[in-house]
Amino acid sequence: MKLILTADVDNLGAPGDLVEVKDGYGRNFLLPRGLAIQATRGAQKQVDGIRRAQDARKVRDLDHANELKQAIEGLSSVSLTVKTADSGKLFGSVTTADVASAIKAAGGPVVDKRSIELPKSHIKATGKHGIAVHLHPDVVAKFDLEVTAN
Numbered sequence: 001m002k003l004i005l006t007a008d009v010d011n012l013g014a015p016g017d018l019v020e021v022k023d024g025y026g027r028n029f030l031l032p033r034g035l036a037i038q039a040t041r042g043a044q045k046q047v048d049g050i051r052r053a054q055d056a057r058k059v060r061d062l063d064h065a066n067e068l069k070q071a072i073e074g075l076s077s078v079s080l081t082v083k084t085a086d087s088g089k090l091f092g093s094v095t096t097a098d099v100a101s102a103i104k105a106a107g108g109p110v111v112d113k114r115s116i117e118l119p120k121s122h123i124k125a126t127g128k129h130g131i132a133v134h135l136h137p138d139v140v141a142k143f144d145l146e147v148t149a150n
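With the numbering used here applied, the sequence shown covers 1 to 150.
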């Protein structure tokens with residue numbers, strides 16, 4: 001069965017790759033989970049859209065990574081407003097996707113959420129938290145995220 005991957009699949013391929021898999025694996029695992037689509041002529045347009053989205057998020061080289069680092073570290077304040085209890089603890093937690101949207105809202109560049117490193121797995125309290133963004137193996141941007149109560 002020929003499929004086009006729409007997401008990263010371990011030991012199989014990256015989004016946009018045309019792969020040949022056994023019928024059962026494709027029908028019972030990849031297609032129901034939305035990890036792949038049937039390989040048709042119309043699906044090629046979707047593949048092109050997936051690749052364009054990847055190229056927009058990808059850091060091109062070391063110079064580009066340094067430019068992004070300066071843009072992120074040059075932001076005056078990155079803040080995020082969340083719902084909290086009276087004690088200051090969050091009802092949920094702040095995830096890497098929330099941090100990525102806060103960077104964009106503060107006027108920074110679009111950053112892939114997988115490149116963001118939180119001090120712990122999730123932020124569960126208000127205050128200032130140090131965040132690191134791994135833009136390139138040699139370039140890490142660091143900034144403080146201000147988590148405030150709603």
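In this text, a Cβ means the ideal position worked out from N, Cα and C, and glycines have one as well.
- Taking C-alpha atoms, which residue in A71, A85, K120 lies nearest to T95? With distances taken between CA atoms, T95 lies nearest to K120 out of A71, A85, K120.
- Query: In angstroms, rounded to a whole number, what distance separates the CA positions of A39 and G16?
  - Reply: Taking the straight line joining both Cα atoms gives about 10 Å.
- Item | R114 at chain D interface by Cβ criterion, 7 Å | Absent from the structure is chain D; it holds one protein chain and no more.
- Item | Delimiting residues of the alpha helix (DSSP H) encompassing K83 | That residue, K83, is in no alpha helix (DSSP H); it is neither H nor E in DSSP.
- In chain order, which alpha helix (DSSP H) runs of at least 4 residues are fully inside the stretch 63–135? Runs of alpha helix (DSSP H) with 4 or more residues, each lying fully within the stretch 63–135, are found at 96–105, listed in chain order.
- K142 lies in the beta strand (DSSP E); which residues open and close that run? In the DSSP annotation of this structure, the continuous segment of the beta strand (DSSP E) that includes K142 starts and ends at 139–149.
- Item | Where K45 sits in the DSSP three-state scheme | Three-state result, K45: helix.
- Query: Would a C-beta distance cut-off of 7 Å place I72 and A149 closer than the cut-off?
  - Reply: No, these two residues do not count as a Cβ contact at 7 Å.
- Task: Please report how far the alpha carbon of P137 lies from the alpha carbon of I103, in whole angstroms.
- Result: Taking C-alpha positions only, P137 is separated from I103 by approximately 21 Å.
- Query: By DSSP, does A53 sit in helix, in strand, or in coil?
  - Reply: Of the three classes helix, strand and coil, the one that applies to A53 here is helix, per DSSP.
- Could you tell me which of K124, A125, A106 sits nearest to F143, measuring between CA atoms? Ranking the options by Cα distance to F143, first place goes to A106.
- Item | Neighbourhood of F29 by C-beta distance below 7 Å, restricted to the same chain and skipping five residues each side | Excluding positions up to five away in sequence, the list is empty.
- Task: Look at the Cβ atom of T84, then the Cβ atom of L90, and state whether they are nearer than 7 Å.
- Result: In this structure, T84 places its C-beta atom within 7 Å of the C-beta atom of L90.
- Could you give the C-beta distance for V152 and V133, rounded to a whole number, given that I count them as a contact under 8 Å? What the structure shows of the chain is the stretch from 1 to 150, and residue 152 is not part of that stretch, so it cannot be assessed.
- Please work out which residues of its chain come closer than 6 Å, Cβ to Cβ, to A14, disregarding the five sequence neighbours upstream and downstream, and give them in chain order. Non-local beta-carbon contacts of A14 in its own chain, meaning distances under 6 Å to residues more than five positions away in sequence, involve D8 in chain order.
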